[in-house]
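Numbering (our numbering), first residue to last: 976 to 1122.
Right under this line is the structure:
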């Protein structure tokens, strides 16, 4: 997910993306970036779990705000999904990026509801230096979006 689509790739090692829910997310994250597309992917009661905020962010608009902020943060970060594991209503997507010389490795864990909407989105990030960098940049983006 990033604002600069020229820097994005989806390197799944030739894995066929047959699940349309997962494909819609990948299309958004690696190309579309339209706010209305993101809102259409999220359930009304979606919950976003940030790696840098200790409380879950509940509701479509709140989850979308965090995902849009992440989109901006990763815009010039050479963001790429490098591995995807999907089963049933769940997917785990490993990603890499680099911001200000800090290599970021993370996992997006997505769960869809029966309607095919994203019900739960959890992000895990390593190493600690990457978490600190993301905290700084996400806070700035969320503050900017709120003003």
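The beta-carbon is built from N, C-alpha and C at its ideal position, and this holds for glycine as well.
Using a Cβ-Cβ cut-off of 7 angstroms (strictly less than) and excluding sequence neighbours within five positions of residue 923, which residues of its own chain qualify?
Because the chain in this structure spans residues 976 to 1122, residue 923 falls outside the shown range and cannot be described.
By Cβ distance below 6 angstroms, which residues in the same chain neighbour residue 1139 in space, the five residues on each side in sequence not counted?
Past the boundaries of the shown model lies residue 1139; the chain is included only from 976 to 1122, so the question cannot be answered.
Just how far apart, CA to CA, sit residue 1108 and residue 1088?
32 angstroms
On the CB-based measure, 16 or more other CB atoms within 10 Å of its CB, does residue 1030 come out buried or exposed?
exposed
Taking 8 angstroms as the threshold (C-beta atoms), are residue 1120 and residue 1043 in contact?
yes
Contact check, residue 1174 vs residue 1106, beta carbons under 8 angstroms:
Here the chain comprises residues numbered 976 to 1122, so residue 1174 is not present and cannot be evaluated.
Which two residues bound the contiguous alpha helix (DSSP H) that contains residue 1015?
1010 to 1016
Beta-carbon within less than 6 angstroms of residue 1033's beta-carbon, same chain only, minus the 5 sequence neighbours each way: which residues are those?
1022
Taking the alpha-carbon positions, what's the residue 1019 to residue 1070 distance?
26 angstroms
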